[in-house]
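Contents: one structure, followed by commentary.
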Amino acid sequence: MTHVKRSITTPPRTGLTREDLWEGQDKGLIKCWEIGRDRALKFPELAQRCLAGELPVLGWKGGVSRSLKKNEKFGCLKYLAQWQGLRGEDLDIDLSQDRTLTCSSTNMIVTFTPDRSKYVNQEPA
Numbered sequence: 550m551t552h553v554k555r556s557i558t559t560p561p562r563t564g565l566t567r568e569d570l571w572e573g574q575d576k577g578l579i580k581c582w583e584i585g586r587d588r589a590l591k592f593p594e595l596a597q598r599c600l601a602g603e604l605p606v607l608g609w610k611g612g613v614s615r616s617l618k619k620n621e622k623f624g625c626l627k628y629l630a631q632w633q634g635l636r637g638e639d640l641d642i643d644l645s646q647d648r649t650l651t652c653s654s655t656n657m658i659v660t661f662t663p664d665r666s667k668y669v670n671q672e673p674a
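Count along the sequence shown starting at 1, add 549, and that's the number in the numbering used here.
Structure representation (structure tokens):
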């Protein structure tokens with residue numbers, strides 16, 4: 550599987566094991582997206598920030614709370630999946646490509662990548 554897609558109208562999955570959720574072919578992206586959808590209902594102000602183009606700090610690398618001297622950083626695809634869920638969007642992530650977004654509140658440029666080595670030891674924002 551090189552492309553993970555799921556319609557926003559698809560109901561959340563139930564009855565899956567931890568291994569199914571996090572270690573399957575989708576590498577946990579569907580679960581991250583489902584968490585984002587759930588958080589959008591519980592935290593509508595967070596969802597609104599995401600819809601406005603902000604990249605708020607979430608549980609995965611990729612969010613920004615302030616501008617850094619270097620205005621670019623890397624984030625993980627799990628962040629991107631959760632962000633898409635928070636925005637009420639279909640899940641649509643290509644596992645073989647980077648995707649770059651600019652945070653509307655900080656103007657930080659974040660490149661979401663499948664290459665973990667790019668974001669593991671970078672300075673937090």
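Positions of the beta carbon are idealized from the N, C-alpha and C atoms, including for glycine.
According to the DSSP assignment, arginine 615 belongs to no alpha helix (DSSP H), since it is labelled neither H nor E. For leucine 595, the enclosing alpha helix (DSSP H) begins and ends at 593-600. Here the C-alpha atom of valine 606 lies approximately 11 Å from the C-alpha atom of cysteine 652. Around the CB of valine 669, fewer than 16 other CB atoms lie within 10 Å, so the residue is classed as exposed. Taking every protein chain shown into account, the CB of aspartate 575 has 16 or more other CB atoms within 10 angstroms, so this residue is buried. Take glutamine 633, set aside five residues on each side of it, and the residues of its chain with a beta-carbon closer than 8 Å to its own are Trp582, Gly585, Asp639, Leu640, Asp641, Ile642, in chain order.
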